[in-house]
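**Student:**
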Amino acid sequence: MLLRRTYLAAATVAGASAQIQLRWSTDLGGNENRTYGPDGPWQAPLLKLNDTEMPLWPGGSGVSEILTKSVGGDYTPRHDTLKTGTSRAWSDGWFASAFMGAGWAGMEASDGMVIDSRMGTSHEIKVNVTLVAATSWNSSTNSDTTAYTPTVGTLGLGPRSERHETAGPGILEQLRISGDIDRTAFSVQMGSAALGIPGSLVLGGYEQNRALGQVGTFALQDSIPVMFLRDIIFDFQIRNHSFYPIKSNASFWTNPTDLGMQYTKYVGGAAGSAVVIPNPASPYIYLPPGICEAIAENLHMTYHNKSGLYLWDTDLSAQLFVNQSAYLGFVLADSSATNITIKVPFQLLNLTLEPPLVEQKASYFPCQSINSSYGFWQLGRAFLQAAFLAVDYESNVTYMAQAPGPRMEQSIVKKFDDSAISTNPAKSFVTTWGDAWDKGQVFQSFDTGDKGLTAGEKAGIAVGVIGAVLALVWLLRRRRKQKGPGSPPDAVDKAFLWLNGKRGKSQRAQVASQTSSMAEMGGNGEMHMRHQAEPKVLRERSHVSELDSRSPLTEMGTPLSHEIGSTDRHPVRHEAPDDHVVYQMPATSERTHKAQ
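In case it helps, the UniProt record's numbering puts the sequence shown at residues 1 to 596.
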């Protein structure tokens, strides 16, 4: 608590007068802190409607989705709330609903929203927000991952939609007019509730300590951040100390589907790359078929049929591996065709599934292979734990950079201007993660037979058992020396040596820490879709037994609105990234997985 308060106290620095840092659900302190699941634990920014604080994922839509009491939320429209009489669904303009296979539906309205700054302000900051008063969570698939009702809505920070003539200015536009911010822009870095990394959402600016080293600049197309994903690599920042049998310093990239390659070509990307959209409203990392499967195979994960996700192994070697400096590197090509690599440590990719997605808590890998019917994919909250994202609507650009680890440096809030984003040194990545890697501070390992022992109790029992066994072996060896021919066989000596060897090897093992998140509530209802892309939602996960299959192109969807008539093309160099070694995987390699 003291460290968190110190961080918050240091968060306001000169130059932050025209930027707003939002409060998060983990800023409240003690038992009041809130996290969200059942696939987290996630932390979320807090906004206030009708004097009630509620969590909302930030995004680029011009409409916010606010949960009403009928779906477990806290919002109740007042008698003076302006209701348009229009039914809306799947309103996220960055396509979260399309990849999740489900979305919110309800009636459109306009209401007042209060924005509480993390550091407080001299006056109340209030805006009018166009919203969907969500009354149902509707799925377009039969997947169990959409069979629950989330407890977090969305905050639409995008500009006013030109398709809706009656819509008022967007949230950022209103704040710009009132002088509370000096630019229609925002930045977000999700942090990690499990590791105690505070989240960051700044309206009109950004925190310099959230961005490390090189910054990638990407174009906004119809207010959507479009990026080109070139490669996904697996490696260690520091040498591998675990005994997990894995292949490192390797690429797990496979070419996208035929539709994906056509779409990449259409928007000017390099051959073999895939178009991706970062989106805090989406939970997972959604990739072309074959990539998540290859990574899971390399890490000996178990496929969970009900959720369509991969579960981490629960043995000691997997625990040691997660606590090492291993990472997935996402190589993105920016508008100048310069490669930037975002490293996502596996400690951030070790999250928790809870009921109703699983019967018992389980550690999982937040990666899903999707045969996208749009030709592009999505980098959700799991990715943005390790990435800094900023959107500047006035310059029509998006910025992305590496985010720090748990020991981030002092916050310095900066405003956007026409110059480059200011960042902390790239070497800060290692220093901000060093303690977490050395101590191995979290591994969420869950056993269905767990009766409630804490991680420390389990570790104490293990140490006690090993000590008792060693004492017994020592006693037997002593008796053998005393009795001579009647002593136990040489196997006892071998056991003693083996136990000592294991004892030495296990000195790097650390005590696990348990995390938990709030349960989700159920709900359903009918959906009336108005989103431009909704009728085209065709989700198909790549089956485990068909890891390298490619679905034939059956339909080329109508180009999205930001494609039509676009002449903006950015030259893309075709050379491979120069900061790592790339190995091309055979297109026909067979992979096998355990399944549950």
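Note that beta-carbon positions come from the ideal geometry of N, C-alpha and C, so glycine has one too. Values in this document were obtained by computation on a predicted structure and should not be read as measured data.
#1: Would you kindly work out how many angstroms separate the C-alpha atoms of K415 and A18, rounded to a whole number?
#2: Is the separation between the beta-carbon of Q324 and that of H241 shorter than 8 Å?
#3: Using 8 Å as the threshold, is the C-beta distance between L155 and L56 below it?
#4: Between the alpha carbons of Q43 and G196, how many angstroms are there, rounded?
#5: With three or more beta-carbon pairs closer than 8 Å as the criterion, would you say the region 54–71 touches the region 117–128?
#6: What does DSSP give as the partner residues of P38 in its beta bridges?
#7: Should F243 be labelled buried (16 or more other beta-carbon atoms within 10 Å of its own) or exposed?
#8: For M119, which of helix, strand or coil comes out of DSSP?
#9: Taking only runs that begin and end inside the region 246–289, name each unbroken alpha helix (DSSP H) of 4 or more residues, in chain order.
#10: Along the chain, where does the alpha helix (DSSP H) containing Q368 start, and where does it finish?
#11: Kindly identify the DSSP beta-bridge partner or partners of R88.
#12: Does the region 202–216 come within contact of the region 359–379, defined as at least 3 CB pairs closer than 8 Å?
#13: Looking at the structure shown, is T130 part of a helix, part of a strand, or coil, going by DSSP?
#14: Give a yes or no on whether the C-beta atoms belonging to A133 and M107 are separated by under 8 Å.
#15: Since A362 sits in a beta bridge, which residues does DSSP pair it with?
#16: Rounded to whole angstroms, what's the CA-CA distance from G199 to P45? Just pull it up for me.
#17: How would you call P256, buried or exposed, if buried means at least 16 neighbouring beta carbons within 10 angstroms?
#18: Name, in chain order, the residues that DSSP records as bridge partners for V215.
#19: Which partner residues does T76 have in the DSSP bridge list?
#20: With 16 other CB atoms within 10 Å as the buried threshold, where does E297 fall?
#21: Given a threshold of 16 other Cβ atoms within 10 Å of its Cβ, counted over all protein chains shown, does I20 qualify as buried or as exposed?
#22: Taking the beta carbon of S336 as the centre, do at least 16 other beta carbons fall within 10 Å, making it buried, or is it exposed?
#23: DSSP puts K414 in a beta bridge; with which residues?
#24: Let's test the definition: count the other Cβ atoms within 10 Å of the Cβ of N396 and tell me whether it reaches 16, buried, or not, exposed.
#25: What residue does the alpha helix (DSSP H) around N298 start on, and which one ends it?
#26: So, with DSSP's three-state summary, where would you put I171?
#27: Check this for me: beta carbons of T286 and Q368, under 8 Å apart or not?
#28: Alpha carbon to alpha carbon, what distance is there between R88 and F383?
#29: Would you tell me roughly how many angstroms separate the C-alpha atoms of P245 and L259, rounded to the nearest one?
#30: Taking one C-beta from the region 68–88 and one from the region 259–272 each time, how about it: are there three or more such pairs within less than 8 Å?
#31: Alpha carbon to alpha carbon, what distance is there between W104 and T86?
#32: What are the partner residues of D231, as DSSP defines its beta bridges?
#33: Just grab the DSSP bridge partners of D392 for me.
#34: What separation, rounded to the nearest whole angstrom, lies between the Cα atoms of D51 and G329?
#35: Can you give me the C-alpha to C-alpha distance between Q214 and P404, rounded to a whole angstrom?
**Tutor:** In brief:
#1: Computed Cα separation, rounded: 8 Å.
#2: At the C-beta level, Q324 and H241 come within 8 Å of one another.
#3: Yes, the Cβ-Cβ distance between L155 and L56 is below 8 Å.
#4: Using only the alpha carbons, I get a separation of about 10 Å.
#5: Cβ pair count under 8 Å is below three, so no.
#6: According to DSSP, which records beta bridges pairwise, P38 is partnered with nothing at all.
#7: By the Cβ-count criterion, F243 is exposed, with fewer than 16 other Cβ atoms from all chains shown falling within 10 Å of its own Cβ.
#8: DSSP, reduced to helix, strand and coil, places M119 outside both helices and strands of the structure shown, so it counts as coil.
#9: DSSP runs (the alpha helix (DSSP H)) wholly in the region 246–289: 258–266.
#10: Here Q368 belongs to no alpha helix (DSSP H); instead the beta strand (DSSP E) covers C367 to S369.
#11: Partner(s): G106.
#12: When Cβ pairs closer than 8 Å are counted between the two stretches, the region 202–216 is seen not to touch the region 359–379, the count staying below three.
#13: The answer is strand: DSSP assigns T130 an E or B state.
#14: Taking a C-beta distance under 8 Å as the contact criterion, A133 and M107 qualify as a contact pair.
#15: According to DSSP, which records beta bridges pairwise, A362 is partnered with L353.
#16: Rounded to the nearest whole angstrom, the C-alpha separation of G199 and P45 is 8 Å.
#17: Classification of P256: buried, given that the 10 Å Cβ count is 16 or more.
#18: Bridge partners of V215: A401.
#19: Note: T76 sits in no beta bridge, so no partner.
#20: The residue is buried, with at least 16 neighbouring Cβ atoms inside 10 Å.
#21: The C-beta of I20 has 16 or more other C-beta atoms within 10 Å across all chains shown, which makes the residue buried.
#22: Per the 10 Å Cβ criterion, exposed.
#23: As DSSP reads the structure, K414 sits in a beta bridge with Y206.
#24: Exposed is the call here.
#25: Unbroken alpha helix (DSSP H) run through N298: I291 to N298.
#26: Here I171 sits in helix by DSSP.
#27: According to the sequence displayed, residue 286 carries Tyr and not Thr. Remark: C-beta atoms of Y286 and Q368 approach each other more closely than 8 Å.
#28: Between F383 and R88, the C-alpha separation is close to 29 Å.
#29: Taking the straight line from one Cα to the other gives about 35 Å.
#30: No, the region 68–88 is not in contact with the region 259–272.
#31: When only Cα atoms are considered, T86 and W104 end up about 14 Å apart.
#32: Looking at the DSSP assignment, D231 forms a beta bridge with V331.
#33: The bridge partners DSSP lists for D392 are A185 and V397.
#34: When rounded, the distance between both Cα atoms is 42 Å.
#35: Take the alpha-carbon of Q214 and the one of P404: they are about 13 Å apart.
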